[in-house]
Amino acid sequence: MGLYILAFLIFPGFLFSTAVGLLSSWVDRKVSARVQWRVGPPVGQPLFDVLKLLGKETIVPENANRAVFLAAPLAGFAAAMIVSTILWLANLFAVSFVGDLIVVVYLLVIPSLSVMIGGFASGNPLATTGANREMKLILAYELPFIVCLAAVIVKSDLGIQLTAIAARPAVLSISGLLGFLVCLLCVQAKLGYPPFDVAEAETEIMGGVYIEYSGVPLAVFKLMQAIMLATLPVFLATVFLGGLHFNGWGILWSILKYLLVIVLVILIKNTNPRLRIDQALRFFWRYLTPVGILAVVLAIAGRAWGITWL
Amino acid sequence: MIDMLAELRTSHGSRILGAEHGSPRQTFVTVSDSDAPTIARHISEKMGGRLVTITGLDTPDGIELLYHFAFDANHSLLTLKTRVKKPDPRILSLAPHLPGAEWIEREIHDLLGVVFEGHPRLERLILADDWPAGVHPLRKDEQQ
Amino acid sequence: MGWKMWALKKSPWVFHVNTGACNNCDIEILELLTPRFDVERFGIRLVGTPRHADALVVTGVVTRQAAPRLKEVYRQTPKPCVVFAIGACACSMGIFKEGYHVAGPVDKVIREEDPNAIILYIPGCPPKPEAMILGVVKALSLL
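So the sequence lines, in the order shown, correspond to chains A, B and C. So the first sequence is numbered by the working numbering: it starts at 1 and just counts up by one. So the second sequence is numbered by the working numbering: it starts at 311 and just counts up by one. So the third sequence is numbered by the working numbering: it starts at 455 and just counts up by one.
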């Protein structure tokens, strides 16, 4: 029990995920800067941002719901930490239990939900608009996300344990590849990156959901975003790419898998303008969901006829 | 340019108090303040002039208002000069007939204190909300 | 207070306020924030709301109408924060010194709200982006 608490707080929980997250955030900003022919920030910049935010005063608006306003970032952050711990434990030490895939999928919704609830509790019409859009975005991308995970579950002989799924890399088959691509776009929306950053549209609604946040709650939100940036590529690597193993050559492969997902996310982020919320909904429901359903059908067909590359 | 002046002389010759050329393309025509709005309407509606703007100036003899009309076809400018007596400067408004003059007249009202009779909405336009009423900054006798 | 100021110097997030400028300084600030001058290497980032800001970049002489609004924006910015007065008009009213519509230069209006405000001046009409970067870096190193 004590070991689990240690794992939760230090490695691979709070400290480790935060460090990896801030480092990934720096990689994101540096690559984006290079794409724009700039120099970009120094390595410690995301850490400086968080430290600075911790030193600012917290302003709670008058007609905001004070309890929810201050609790929302903590809820999201806690959920992100738990997800990170589960995923890293499953990958590094093969600590897993039946159904932990379902638990992870449920917990991965909570950070987006907390952002939305925080926006609604802010008492600002711009924040409400942003939270409204975040709500619709969650509805949009959860559907193809779950459908593609169904494809992966079918491929791994109907096992819903992370280690079992990670044993067979799904991306080596057509349905797995389709699923990977669809889930990559869903992860883009989950992270709140362009082209799906309509909830935090800086030029339009002045910061959207985060408009009234300042000081420590904003720092917690930033940490939550950093941990999500570290966790979601690990999730994709576990479910589609065969997991991260740290024995011998496995270390290099694991780092490459992680970097592959991150670089794909950054490149999509830098080459696309922002989609409106109705365009995003249409994109996820009308175009990506059929692709996901096709992936499930191919997976079932492959399993029924014993063809592994379908 | 000569045509515009000649046409004005034929239509309103009796009311023109003076005319001079500022440059080959600009003519100043001086009229009295009771005739200015009707002549301005004539220039805009019958002669095809486009109202550019209305400018105002505080002089010892009253507030001088200049109505600038552009004739884009021959690249020329016709300016109607008139003087409104102080205190209580009043003149008929062009706004009901020329919607573009609405805000211009509000600005002149704010800064020089000219009251445009018949203006649909003569309210404060560009002075600050807490500016004292009755103080018109562009008048020469105002203290800073 | 020491580590808060140190962190603020490492990552100053900027919110732009125009209190009656002719927009020349605003155009230069817009150019400053483009990828060519790359202010992200200093940690500077443009934010959309004063609540996220550490530095208020104020341009323009403060008109009578804008003065209460500037004070409100300053109140909404979480402390500790600094104020950059950009341009001749913001530093000392410039050519509008005798104007009837001005409430004062930026430091006079902000000091009415908070006598201990930290105000940094970058003169110019308008200051070039290079001059603004030099001014910001020098000023932050003095804090």
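Where a beta carbon is used, it is the ideal one built from N, C-alpha and C, also for glycine.
Minimum C-alpha distance to residue i - residue among the options
i, options, result
"B:Val362", "B:Leu376, B:His331, B:His352 and B:Pro370", "B:Leu376"
"A:Ser84", "A:Ala71, A:Ala72, A:Leu101 and A:Ala170", "A:Leu101"
"B:Leu432", "B:Pro406, B:Thr389, B:Arg360 and B:Ala380", "B:Pro406"
"B:Glu317", "B:Glu374, B:Gly332, B:Met357 and B:Leu390", "B:Met357"
"A:Ala75", "A:Leu53, A:Ile110, A:Trp88 and A:Val43", "A:Ile110"
"B:Ala438", "C:Phe496, C:Leu487 and C:Ala520", "C:Ala520"
"B:Phe381", "B:Met314, B:Arg325 and B:Lys450", "B:Met314"
"C:Ile576", "C:Val591, C:Pro532, C:Tyr554 and C:Ile564", "C:Val591"
"B:Ala350", "B:Leu422, B:Leu408 and B:Arg393", "B:Leu408"
"A:Ala150", "A:Arg276, A:Ser175, A:Leu229 and A:Glu134", "A:Ser175"
"B:His352", "B:Thr369, B:Arg319 and B:Asp451", "B:Arg319"
"A:Ser25", "A:Ala280, A:Phe48, A:Lys257 and A:Ala7", "A:Phe48"
"A:Val60", "A:Arg282, A:Gly119 and A:Cys183", "A:Gly119"
"C:Glu567", "C:Ile549, C:Ala542 and C:Lys525", "C:Lys525"
"A:Val152", "A:Ile138, A:Gln161, A:Leu139 and A:Ala170", "A:Ala170"
"C:Thr473", "C:Ile564, C:Val536 and C:Pro581", "C:Ile564"
"A:Ser214", "A:Leu177, A:Lys56 and A:Ser96", "A:Lys56"
Run of the alpha helix (DSSP H) containing residue i, from where it starts to where it stops
i, result
"C:Cys528", "It is worth fixing the name first, because residue 528 of chain C is Tyr in this sequence and not Cys. Residues Ala521 to Gln530."
"C:Ile498", "Neither: C:Ile498 is in no alpha helix (DSSP H) and is coded neither H nor E."
"A:Phe196", "No alpha helix (DSSP H) holds A:Phe196; DSSP gives it neither H nor E."
Start and end residues, beta strand (DSSP E) containing residue i
i, result
"B:Arg393", "Ser386 to Val394"
"B:Ala329", "Gly328 to Ser333"
"B:Asp368", "Arg360 to Thr369"
"C:His470", "Trp467 to Asn472"
"C:Leu462", "Looking at the DSSP string, C:Leu462 is not in any beta strand (DSSP E); the run it does join, the alpha helix (DSSP H), is Gly456 to Lys464."
"C:Ile573", "Ile572 to Ile576"
Cβ of residue i within 7 Å of any chain A Cβ
i, result
"C:Leu484", "no"
"C:Gly502", "yes"
Neighbour list for residue i in chain C, Cβ cutoff strictly below 7 Å
i, result
"A:Gly215", "Pro532"
"A:Leu51", "Ala461"
"A:Phe48", "Ala461, Lys464, Ser465 and Gly497"
"B:Pro447", "Tyr554"
"A:Glu212", "Arg505"
"A:Met206", "Gly502 and Thr503"
Contact list for residue i against chain B, beta-carbon separation under 8 Å
i, result
"C:Thr517", "Ala438"
Neighbour list for residue i in chain C, Cβ cutoff strictly below 8 Å
i, result
"B:Trp441", "Arg518"
"A:Gln36", "Pro489"
"A:Ile59", "Arg505, Gln530 and Pro532"
CB contact check: residue i to chain C, cutoff 7 Å
i, result
"A:Gly55", "yes"
"A:Gln279", "no"
"A:Val104", "no"
"A:Ile266", "no"
"A:Gly76", "no"
"A:Gln45", "yes"
Same chain only: Cβ atoms within 6 Å of residue i, ignoring 5 sequence neighbours per side
i, result
"C:Phe469", "Val501, Pro504, Ala507 and Leu510"
"B:Ile364", "Tyr377 and Ile414"
"C:Val471", "Leu510, Val512 and Val527"
"C:Pro559", "Ser546 and Met547"
"A:Arg168", "Ser156"
"C:Asp561", "Ile573"
"C:Phe542", "First, the amino acid is wrong: residue 542 of chain C is Ala here, not Phe. Once the five neighbours on either side are set aside, the close Cβ partners of C:Ala542 are Gly548, Pro577 and Cys579."
Short CB-CB distance (under 7 Å) between residue i and chain B
i, result
"C:Tyr528", "no"
Own chain partners of residue i with C-beta closer than 8 Å, once the 5 adjacent residues on each side are dropped
i, result
"B:Gln454", "Its pLDDT being 49, under 50, B:Gln454 is placed unreliably in this model, and the coordinates cannot settle the point."
"A:Val39", "Ala33"
Cβ neighbours of residue i in the same chain (closer than 7 Å, five flanking residues each side left out)
i, result
"A:Ala64", "Ala121, Ser122, Gly123 and Glu212"
"A:Pro217", "Thr58, Leu70 and Pro73"
"A:Leu51", "none"
"B:Leu435", "Trp413, Arg416, Glu417 and Asp420"
"C:Pro532", "Arg505"
"C:Leu462", "Asp508 and Pro534"
"A:Val154", "Val296, Ala299, Ile300 and Arg303"
Closer than 9 Å at the beta carbon, the chain C residues around residue i
i, result
"A:Val39", "Asp492, Glu494 and Arg495"
Chain-ordered chain A contacts of residue i [CB-CB under 7 Å]
i, result
"C:Lys458", "Gly55"
Heavy atom of the ligand ATP within 6 Å of residue i beta-carbon
i, result
"A:Gly302", "In the structure shown, the ligand ATP is absent, as is every other ligand, since no ligand is present at all."
Within chain A, the residues that residue i reaches when beta carbons sit closer than 9 Å
i, result
"C:Asp508", "Lys52 and Lys56"
Proximity test, Cβ basis, 7 Å: residue i and chain D
i, result
"A:Ile10", "The chain inventory of the structure shown lacks chain D, comprising the protein chains A, B and C."
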